[in-house]
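*Asks:* The numbering of the sequence shown is the UniProt record's numbering, which starts it at 1 and goes up by one.
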Amino acid sequence: MRTSPSGPDPRPRSVKVRAPGKVNVSLRVGPRRPDGYHSVASIYLAVSLFEEVTATTSPEPGVTVSLSPESTLDLDELDIPLDERNLAVRAARLMAEMTENPTGVHLTITKRVPVAGGMGGGSADAAAALLACDALWGSGLSKEELAHVAAELGADVPFALLGGAAVGLGVGDQLSPALATTRFDWVLVPAPFGLSTPAVFSELDRLRDAEGLTVPEPTHVEPAVLAALRAGDAGGLSHLLVNDLQRAAVGLAPQLRDTLGWADSHGALASIVSGSGPTVALLAADAAAAADLAEELAHQGIEALAVHGPVPGARIVSDTLL
Ligand code: ATP
C-alpha cells in the first residue's frame with residue numbers, strides 16, 4: 001500500500017482518462033499450456049479508437065459504473081456487465097485495495113471499441129480506470145507497479161496502459177516497446193456479433209488437434225515485422241501481417257471470409273482479423289486510401305471506421321474539482 005506525499009485529495013473530483021483499442025499486426029499462438037492459457041508472441045499496435053472512463057468521487061463507498069450516452073456503440077444491443085464482472089470496476093477495486101483511504105467512486109464509460117471484437121475494449125476500460133483512480137486517490141504507484149496491477153486484470157491491459165507499438169510475450173503481458181514513428185492507416189470493419197476469446201482459442205486447439213499439428217512455444221516475433229514498423233513501410237508490413245487465431249475466428253464465423261475477400265479485391269494492402277476477432281482490420285496505403293475504403297464500405301451499408309496507429313496509451317484528458 002502506498003500514499004502519495006500529499007495523500008489523497010478529499011475534495012470531490014472527476015478525472016477523465018482515454019485509452020486506445022488495439023490491433024495485433026502479428027499474433028503467434030503456442031500450444032495450450034497445462035494452466036489452460038496459451039503463450040503468444042504478439043506485436044500490438046494502439047489505434048485511434050478510444051474508450052473513455054471518467055472516475056468521479058462518490059459519497060457512497062465502493063465502486064459503481066454506468067455507460068455514457070456519448071458512446072458510439074448501440075448500448076441496447078450489447079451485453080456489458082455493470083457489476084464486479086466489468087473490467088473497469090475490477091480495476092478500480094484493485095486500486096482501492098492498494099490505496100490508503102480511497103473514496104467511493106463512480107465510473108462512467110464511453111464505449112467506442114467494438115465489444116467482444118478482438119480489439120481489447122474492456123482492457124482499455126480497465127487501463128483507463130486504473131489511471132483515473134490512481135490520479136483521483138493519489139495512490140503513488142510507479143509506472144511499473146501500475147503495469148503489474150494491469151497484468152493481474154488481463155493479458156491486454158498492460159498494453160492499453162503503454163500504447164504505441166509493442167512486442168508482447170508470455171500471455172501478451174510481458175511488453176517491450178517497439179519503434180514505430182510513422183503512422184499506419186487502417187479501416188476497421190466491426191462485426192454485428194461478438195466472439196468469445198476463450199472460444200476462439202479452443203477452436204484453434206481443436207483444429208490443431210484434428211490435424212495432429214504440434215506447434216512450438218512462440219519465443220520471439222518476426223524481425224521483419226519490426227523492421228517494417230520502424231521504417232513506416234505499409235507495403236512491406238502488408239506481406240507480413242499474421243494471426244494464428246484468424247482461421248479459428250473464421251471457422252466460428254465463416255461470414256468473415258466475405259469481408260477479408262472484399263478488402264483484397266478493393267485496394268486494401270492487406271486484411272486481417274484483429275486478435276480473436278471478429279473485427280477485421282484493413283491496412284491502407286495512406287490516410288486518403290483508408291478514407292476511400294471506408295467510404296466504399298459505407299456505400300455498401302457496411303460499418304467501417306478509418307483509424308491510424310500508433311497512438312499513445314492511457315492518458316488523463318481532464319482532472320476537475322467539482
Ligand atoms: P479480449 O481482450 O479478451 O480479446 P475483446 O476485446 O474481444 O476481449 P471486450 O470488448 O474486451 O472484448 O469484452 C469481452 C467480454 O468482456 C464482453 O463480452 C463482456 O461480457 C465482458 N466485459 C467486461 N468488462 C467489460 C467492459 N468494460 N467493456 C466491454 N465488455 C466487458
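Backbone N, C-alpha and C fix where the C-beta goes; we use that ideal spot for every residue, glycine too. Remember, it's a predicted structure, so these values are computed and weren't measured experimentally.
How is VAL63 classed by DSSP in three states: helix, strand or coil?
*Replies:* For the purposes of this step, residue 63 is identified with residue 63 of the sequence shown, where counting begins at 1. DSSP places VAL63 in strand when its eight states are reduced to three.
*Asks:* Go through its chain and collect everything with a Cβ distance to THR72's Cβ below 7 angstroms, but skip five positions before and after it.
*Replies:* Along the sequence shown, read from residue 1 onward, the residue named residue 72 stands at position 72. Same-chain partners within the cutoff: ARG112.
*Asks:* Let me check you understand the geometry: is the CB of VAL171 closer than 8 angstroms to at least one non-hydrogen atom of the ligand ATP?
*Replies:* In the sequence shown, the residue the question calls residue 171 occupies position 171. Because no heavy atom of the ligand ATP lies under 8 angstroms away, the Cβ of VAL171 does not count as near it: no.
*Asks:* If I measure Cβ to Cβ from LEU321 and keep anything under 6 angstroms in the same chain, skipping five residues before and after, which residues do I get?
*Replies:* For the purposes of this step, residue 321 is taken as residue 321 along the sequence shown, with counting starting at 1. Excluding sequence neighbours, LEU321 sits near ARG11 and ARG13.
*Asks:* On the three-state DSSP scale, how would you describe VAL311?
*Replies:* Along the sequence shown, read from residue 1 onward, the residue named residue 311 stands at position 311. Residue state, collapsed to three classes: coil.
*Asks:* Is ASN243 near the ligand ATP - that is, is its Cβ less than 8 angstroms away from at least one heavy atom of it?
*Replies:* For this step, residue 243 is matched to residue 243 along the sequence shown. For the ligand ATP, not one heavy atom lies less than 8 angstroms from the Cβ of ASN243.
*Asks:* Quick check on GLN246: does DSSP put it in helix, strand or coil?
*Replies:* Taking the first residue of the sequence shown as 1, we reach residue 246 at position 246. In the structure shown, GLN246 sits in a helix (DSSP, three-state: H, G or I).
*Asks:* By alpha-carbon positions, which one of LEU245, GLU295, ASP244 and ALA249 ends up nearest to HIS266?
*Replies:* Residue mapping note: residue 266 aligns to position 266 of the sequence shown, counting from 1. Here the closest residue by C-alpha is GLU295.
*Asks:* Which stretch, first to last residue, makes up the beta strand (DSSP E) that contains GLY168?
*Replies:* Taking the first residue of the sequence shown as position 1, residue 168 is located at position 168. That run of the beta strand (DSSP E) goes 165-169.
*Asks:* Can you check the UniProt domain "GHMP kinase N-terminal" (86-164) for any beta strand (DSSP E) of at least 3 residues that lies completely inside it and give the ranges in chain order?
*Replies:* Entirely contained in the UniProt domain "GHMP kinase N-terminal" (86-164), the beta strand (DSSP E) runs reaching 3 residues are, in chain order, 104-110.
*Asks:* Give me the DSSP bridge partner(s) of TYR44.
*Replies:* On the sequence shown, residue 44 is found 44 positions in, with the first residue counted as 1. DSSP, once it has assigned bridges, lists ASN24 and ALA166 as partnering TYR44.
*Asks:* For ARG2, does the count of other Cβ atoms within 10 angstroms reach 16, so buried, or fall short, so exposed?
*Replies:* Residue 2 sits at position 2 when you count from the first residue of the sequence shown. Note that ARG2 has pLDDT 46, beneath the 50 cutoff, so the model's placement of it is unreliable and no number is given.
*Asks:* Return yes when the C-beta of SER71 is under 8 angstroms from any heavy atom of the ligand ATP, and no when it is not.
*Replies:* In the sequence shown, residue 71 corresponds to position 71, counting from 1. No; taking the cut-off as 8 angstroms, the Cβ of SER71 has no heavy atom of the ligand ATP nearer than that.
*Asks:* Distance check for GLY21 and PHE184, CA to CA, integer angstroms please.
*Replies:* Taking the first residue of the sequence shown as 1, we reach residue 184 at position 184. Taking the first residue of the sequence shown as 1, we reach residue 21 at position 21. Looking at the two C-alpha atoms, the distance is approximately 15 angstroms.
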